[in-house]
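Numbering (our numbering), first residue to last: 360 to 562.
Listed below in structure tokens is the structure:
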């Protein structure tokens, strides 16, 4: 592992253990086992490094859920196809897996760090601007993860669907952190969306 990769892994460790605002450049260098100067050489600044570490950590989380979904589809696919509810079952199962990751301290710490960044946004406008630039990719990833779009779905629709699911995901995670027992489950969300859709399409 080169210094650049070591710094990213060290930054991920710091994000999980200390959060965004409490992590110092020295913390990252120590966790990575490299010199402080390496941060400037490879990333230009500590914040740029932390942003990249957060982006990669979120992508890894999405990949973990997607991998778990693939396993679930292999074992439950025949039942879902027989019931004619593949899309709904995938939606419910993905929510179950996504929220289930919160029982993992590392995943929970990652979400806590995101909320920390949002709460500090007024004091860190440059950081919010940087993270905002990642949102298009994040929305596309969420829309794909939940099986809500196809490969031929137009980009505007992908972003609209992704924005909705992203907002829902952030809200559900926040509710889970307040009280896991009261947070909505995938089945609850699916039913609510169906009821709202029926209302919206009623003349």
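We put the beta carbon where it would ideally sit given N, CA and C, even for glycine.
For residue 464, the enclosing alpha helix (DSSP H) starts and ends at 464-478. Residue 400 and residue 471 have their C-alpha atoms roughly 29 Å apart. A distance below 7 Å between beta-carbons, with the five flanking residues on each side excluded, links residue 379 to the following residues of its chain, in chain order: 409, 472, 475 and 476.
By the C-beta criterion, the stretch 446-454 is judged to be in contact with the stretch 544-551, since at least 3 inter-stretch pairs fall below 8 Å. Straight across, the Cα-Cα distance linking residue 536 with residue 373 is about 21 Å. For residue 493, the CB contacts under 6 Å within the same chain, skipping 5 residues up- and downstream, are 414 in chain order. A straight line joining the alpha-carbon of residue 489 with that of residue 411 spans about 10 Å. Taking the Cβ atoms as the reference, residue 387 lies roughly 6 Å from residue 366, within the contact range of under 8 Å. Taking all protein chains shown into account, residue 555 has fewer than 16 neighbouring C-beta atoms within 10 Å of its C-beta and is therefore exposed.
In the structure shown, the three-state DSSP call for residue 544 is coil. Cβ contact annotation for residue 467 (same chain, cutoff 7 Å, sequence separation greater than five): 461, in chain order.
In this structure, residue 502 lies near residue 524, with their beta-carbon atoms less than 8 Å apart.
Secondary structure at residue 505: coil, using DSSP grouped into helix, strand and coil. Taking C-beta atoms as the reference points, residue 445 and residue 504 fail to come closer than 8 Å.
In the DSSP assignment, residue 381 falls outside any alpha helix (DSSP H), carrying neither H nor E.
In this structure, the alpha-carbon of residue 422 lies about 9 Å from that of residue 500.
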